[in-house]
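In case it helps, my numbering puts the sequence shown at residues 146 to 428.
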Amino acid sequence: MRPVPTCILGNSEAPQVLHGHALDAYVQIGSLSKVLTGTALGRLAAAGVLRPDDPLEQFLPVPRGTGITLKHLAQHTSGLPRLPPGVKRRDPYAAFDDAALHTVLQGLDTLATAAPGDTEEYSNLGYAVLGAALASAAGMPYQDLLDHHVLAPLDITEVTSAPPPDRRLRSRGLFGRPRRPWTMTGAILPAGGLWATPRATADLVTALLVDRKLGEPALSWQRAGTLLWHNGATGDASVFAGAVPDGRWVLVHRLTGRADRTDEMGIELLRRAASGDPADSRT
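#1: Taking Arg368 as the reference, give the member of Ile412, Leu256, Gly165 with the closest Cα.
#2: How about the region 189-207 and the region 278-293: do they share at least three Cβ pairs that are nearer than 8 Å?
#3: Could you give the DSSP three-state label for Asn156: helix, strand or coil?
#4: When DSSP labels each residue in this structure, what does Ala260 get in the three-state scheme?
#5: Tell me Gln173's beta-bridge partners as DSSP assigns them.
#6: So, does the region 373-388 touch the region 397-410, judging by three or more C-beta pairs under 8 Å?
#7: Can you list the alpha helix (DSSP H) stretches of 4 or more residues lying completely in the region 233-315, in chain order?
#8: For Pro323, write down the residues that DSSP places opposite it in a beta bridge.
#9: Take the Cβ of Thr214 as the centre, count every other Cβ of all protein chains shown within 10 Å, and call the residue buried at 16 or more, exposed below.
#10: Tell me whether Arg399 is buried or exposed, calling it buried when 16 or more other Cβ atoms sit within 10 Å of its Cβ.
#11: Hey, Ser306 and Leu270: beta-carbon distance below 7 Å or not?
#12: Is it right to say Thr151 is buried, meaning 16 or more other beta carbons lie within 10 angstroms of its own, or is it exposed?
#13: Are the region 310-324 and the region 224-236 in contact at 8 Å, needing three or more beta carbon pairs?
#14: Under 8 Å, with one C-beta from each stretch per pair, do the region 278-298 and the region 172-189 reach the 3-pair mark?
#15: Tell me whether Gly318 is buried or exposed, calling it buried when 16 or more other Cβ atoms sit within 10 Å of its Cβ.
#16: Assuming the contact rule is C-beta atoms closer than 8 Å, His217 and Pro148 should be a hit. Round their C-beta distance to whole Å, please.
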């Protein structure tokens with residue numbers, strides 16, 4: 146089996162860059178994008194632009210009375226399904242553009258599978274809608290919203306929806322040709338379309354979870370006991386980021402869509418950091 150390009154950063158050891166990965170090349174971070182969207186929600190709330198409990202209809206053209214709030218979207222309790230309608234197997238989000246989102250918004254009440262607040266169902270669609278609502282509230286495109294309210298205050302620049310083509314790192318196919326990444330620059334962007342360098346992503350993790358430079362961590366972070374974490378996966382990339390209150394943190398990025406092993410590596414590295422064992426870099 147071909148070794149998987151892997152990049153590991155954490156509090157306990159120097160960065161590991163294995164099998165052709167790179168610290169300063171842009172890679173897809175998938176659903177780790179959601180924590181930036183959630184952080185933007187918190188920043189806009191702190192600035193008085195909105196409140197997390199504001200109804201969605203205050204910002205977007207959705208049917209009245211859905212009961213969905215921004216907080217529901219951020220916490221995956223909106224009742225919306227995991228995926229937008231019409232998602233296909235190959236390049237699944239390519240057709241989910243602004244026009245497709247507008248159609249979804251107009252019929253949002255027919256898509257809900259549960260009443261808001263009743264159940265938790267992880268929803269990429271919900272975060273696409275949340276990103277659109279935040280952009281509407283702020284009066285600026287999503288990328289500008291992130292730059293102004295999240296990235297600039299942290300002095301982090303290498304997180305974007307449109308990285309320079311010559312700095313993108315992609316997985317390779319059977320004959321060594323770069324694989325075409327999923328198209329995620331449309332309406333799905335706030336849910337999983339960002340690219341970042343591993344170094345910049347690690348800076349985000351430490352700024353948001355360890356140093357807490359923008360206040361309490363966003364509602365987007367997943368919680369398991371004292372661990373705050375999030376992962377992400379696209380067709381050919383996967384990432385895990387997490388931190389615990391004692392200062393341990395880890396970021397693992399791999400050029401493979403097989404996210405389970407990436408998650409396992411992240412959890413194991415945090416455990417080893419607690420016990421003082423050397424990092425296990427098997428991929």
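Positions of the beta carbon are idealized from the N, C-alpha and C atoms, including for glycine.
Remember, predicted model here, so these are calculated numbers, not experimental data.
Reading it off the structure:
#1: On the sequence shown, residue 368 is found 223 positions in, with the first residue counted as 1. Among Ile412, Leu256, Gly165, the Cα nearest to that of Arg368 is on Ile412.
#2: Yes, since at least three Cβ pairs between the region 189-207 and the region 278-293 fall closer than 8 Å, the two stretches touch.
#3: Here residue 156 refers to the residue found at position 11 when the sequence shown is read from its first residue. Residue state for Asn156 is assigned as coil, using DSSP reduced to three classes.
#4: Against the sequence shown, residue 260 aligns to sequence position 115. DSSP, read as helix, strand or coil, puts Ala260 in coil.
#5: Residue mapping note: residue 173 aligns to position 28 of the sequence shown, counting from 1. DSSP output for Gln173 lists Trp340 as bridge partner(s).
#6: Contact between the region 373-388 and the region 397-410 is present: 3 or more CB-CB pairs across the two stretches fall below 8 Å.
#7: Whole alpha helix (DSSP H) segments, 4+ residues: 243-251, 253-256, 269-283, 287-291.
#8: Residue numbering aside, residue 323 sits at position 178 when the sequence shown is read from its first letter. DSSP, once it has assigned bridges, lists Arg317 as partnering Pro323.
#9: For the purposes of this step, residue 214 is taken as residue 69 along the sequence shown, with counting starting at 1. Buried is the call here.
#10: Numbered from its first residue, the sequence shown carries residue 399 at position 254. Arg399 should be labelled buried.
#11: On the sequence shown, position 161 is the one that residue 306 refers to. On the sequence shown, position 125 is the one that residue 270 refers to. It is not a contact, given that the beta carbons lie outside the stated cut-off.
#12: The residue you call residue 151 lines up with position 6 of the sequence shown. Burial call: buried.
#13: Counting Cβ pairs under 8 Å, fewer than three are found: no touch.
#14: When C-beta atoms of the region 278-298 are compared with those of the region 172-189, three or more pairs fall below 8 Å, so the two segments count as touching.
#15: Looking up residue 318 in the sequence shown gives position 173. With fewer than 16 other Cβ atoms within 10 Å, it is exposed.
#16: For the purposes of this step, residue 217 is taken as the residue at position 72 of the sequence shown. For the purposes of this step, residue 148 is taken as the residue at position 3 of the sequence shown. Contact between His217 and Pro148 is ruled out by a C-beta separation of about 42 Å, above the 8 Å threshold.
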